[in-house]
Amino acid sequence: MKPLFLLAVSAFTVASARAADPAKPADVFAPDKLVAWCIVPFDAKKRGPAERVEMLQKLGFKRYAYDWRTEHLPTFDEEVALLKKAGIELTAVWFPANLGTDAQKLLAVLKKHDIKTQLWITMGDPGGTDQAAKVENAAKVLRPVAEAAAKQGCTVGLYNHGGWFGEPENQIVVIELLKLKNVGIVYNQHHGHDHFDRFPKLLEAMKPHLLALNLNGSVKGGDRAGKKIVPLAGGELDLQLLAVIAKSGYAGPIGILGHTSDDAAERLADNLDGLKWLVPQLGGKEPADKPKYRTWK
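Heads up: the sequence shown runs through residues -19 to -1, 1 to 278, numbered per mature numbering (1 follows the signal peptide of the UniProt record, and there is no 0).
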């Protein structure tokens, strides 16, 4: 079983997802692995590109995933230039499940700056009367986007966001049907409340395809109790789930979530403080004083 698994991993070309042995928790969640995510439309301060890059620098981020609304796209070129100047990697870009006007604008800027990044894509129910039809329809939608991405050296990350497409088992079958080396998975804990009980098994299945893993404070049933998005260390399952990640062998990007109507800098700082509190415990240390949040009570 082990040789077959290793063969499957070696066949997948996304280097960030590979790791033969579990790393130390401090390495898995090291600062240079952390990616600021969901901080553009959700920022109470409504920062522009220059202010956002300055914020990332102050918080110590070396990686950033860009989310947007149509009104933000006119300044995307400026933002990419500022990121390059600051030495911050554009790890991922939120991307439509089509090649329409917005998609073309994004691809043009990435090409101009020679940025080879991950394109994070979600979609609704692909339609179809049975599982096979849904898989085929999803693949049909995604194929042209993935092929366009490949021409620019980019990868496509299937982003779980609820519904049929938000189930990693379905995403894996779609990837297997596509047979494209530049398609993988980006997994989001804040859209995975129904996955907690099977997370270890799920992570093992996703790992050969996993491009990024976005963290969240995890509360059992939190998505139905006003606790869908919680700062790290604010969920009773956080230590347990992080331990699974640390032992899994995953060694790729780790997303740090904004995604609330608070000041993005404060929410990111809350998550960084929470992660800093959790990681030493994964190595067997006694917990320090729990962080005091700026954006959560």
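Ideal Cβ placement from N, Cα and C applies to all residues, glycine included.
query = Using DSSP with H/G/I as helix, E/B as strand and the rest coil, what is Gly81?
reply = If DSSP states are grouped into helix, strand and coil, Gly81 belongs with coil.
key: Collapsed DSSP secondary structure at Gln262 in the structure displayed   = Note: Gln262 maps to helix in three-state DSSP.
CA-to-CA distance, Asn197 to Ala120, given in whole angstroms = Rounded to whole angstroms, Ala120 to Asn197 spans 29 Å at the Cα level.
key: Reference Asp243; option with closest CA among Ala11, Pro6 and Lys26   = Per the Cα distances, Lys26.
inquiry  = Output needed for Pro77: all residues of its chain with C-beta closer than 7 Å, excluding positions within five of it in sequence on either side, in chain order.
reply    = Closer than 7 Å at the Cβ level, and outside the excluded window around Pro77, lie Asp83 and Ala84.
inquiry  = Please list the terminal residues of the continuous alpha helix (DSSP H) segment that includes Val126.
reply    = In this chain, the alpha helix (DSSP H) harbouring Val126 covers Gln112 to Lys132.
Unbroken beta strand (DSSP E) run spanning Val16, endpoints = Residues Leu15 to Trp18.
message = Within a Cβ cutoff of 7 Å, which residues of the same chain sit near Leu223, ignoring the five residues on either side of it in sequence?
response = Closer than 7 Å at the Cβ level, and outside the excluded window around Leu223, lie Leu259 and Leu263.
message = With three or more C-beta pairs closer than 8 Å as the rule, is the region 92 to 106 touching the region 137 to 153?
response = Enough Cβ pairs lie closer than 8 Å, so yes.
task = Mind checking which residues open and close the beta strand (DSSP E) that includes Leu139?
result = For Leu139, the enclosing beta strand (DSSP E) begins and ends at Thr136 to Tyr140.
request  = Note down, in chain order, each residue of its chain lying with its Cβ closer than 8 Å to the Cβ of Ala67, except the 5 sequence neighbours on either side.
outcome  = The beta carbon of Ala67 sits closer than 8 Å to the beta carbons of Val34, Leu37 and Gln38 from its chain, once the five residues preceding and following it are set aside; these are given in chain order.
request  = State the Cα-Cα distance for the pair Ile226 and Leu184, rounded to the nearest angstrom.
outcome  = Computed Cα separation, rounded: 8 Å.
inquiry  = Would Leu74 and Gln99 qualify as a contact pair, given that the criterion is a beta-carbon distance under 9 Å?
reply    = Residue 74 is actually Val in this sequence, not Leu. Between Val74 and Gln99, the C-beta gap is smaller than 9 Å, which places the two residues in contact.
task = Grab me the residues of Gly134's own chain with a C-beta within less than 8 Å of its C-beta, minus the 5 sequence neighbours each way, in chain order.
result = Around Gly134: Lys97.
request  = Give the secondary structure of Arg248 by DSSP, where H, G and I count as helix, E and B as strand, and everything else as coil.
outcome  = Here Arg248 sits in helix by DSSP.
query = Can Asp101 and Ala46 be called in contact, C-beta distance under 9 Å?
reply = A quick correction: the sequence has Trp, not Asp, at residue 101. The Cβ atoms of Trp101 and Ala46 lie closer than 9 Å to each other.
query = What's the C-alpha gap between Pro272 and Val211?
reply = Approximately 13 Å between the Cα atoms of the pair.
key: Segments of 4+ residues assigned as alpha helix (DSSP H) that fall wholly inside the region 194 to 238   = 219 to 229, all fully within the region 194 to 238.
query = Mind checking Gly138: buried by the 16 CB within 10 Å criterion, or exposed?
reply = If you draw a 10 Å sphere on the C-beta of Gly138, you find 16 or more other C-beta atoms in it, and that means buried.
Counted within 10 angstroms of its Cβ, other Cβ atoms place Lys188 as buried (16 or more) or exposed = A residue is called buried when at least 16 other Cβ atoms come within 10 angstroms of its Cβ; Lys188 meets this threshold and is buried.
message = If you follow the alpha helix (DSSP H) that Gln152 is in, where does it begin and where does it stop?
response = Run containing Gln152: Pro149 to Leu159, per the alpha helix (DSSP H) assignment.
task = Alpha carbon to alpha carbon, how far is Thr72 from Pro261? Give it in angstroms, no decimals.
result = Taking the Cα positions, Pro261 is about 26 Å away from Thr72.
For Val9, three-class secondary structure by DSSP = In the structure shown, Val9 falls within a helical segment according to DSSP collapsed to helix, strand and coil.
ask   = With distances taken between CB atoms, is the gap from Asp58 to Pro22 smaller than 9 Å?
value = With respect to Pro22, Asp58 sits apart: the two C-beta atoms are not nearer than 9 Å.
Beta-carbon spacing of Val164, Ala206 below 9 Å = Their beta carbons are not under 9 Å apart, which means Val164 does not touch Ala206 by this criterion.
task = Report buried or exposed for Lys14, applying the criterion of at least 16 other Cβ atoms within 10 angstroms of its Cβ.
result = By the neighbour-count rule (16 or more Cβ atoms within 10 Å), Lys14 is buried.
ask   = Rounded to a whole number of angstroms, what is the C-alpha to C-alpha distance between Leu40 and Ala114?
value = Looking at the two C-alpha atoms, the distance is approximately 46 Å.
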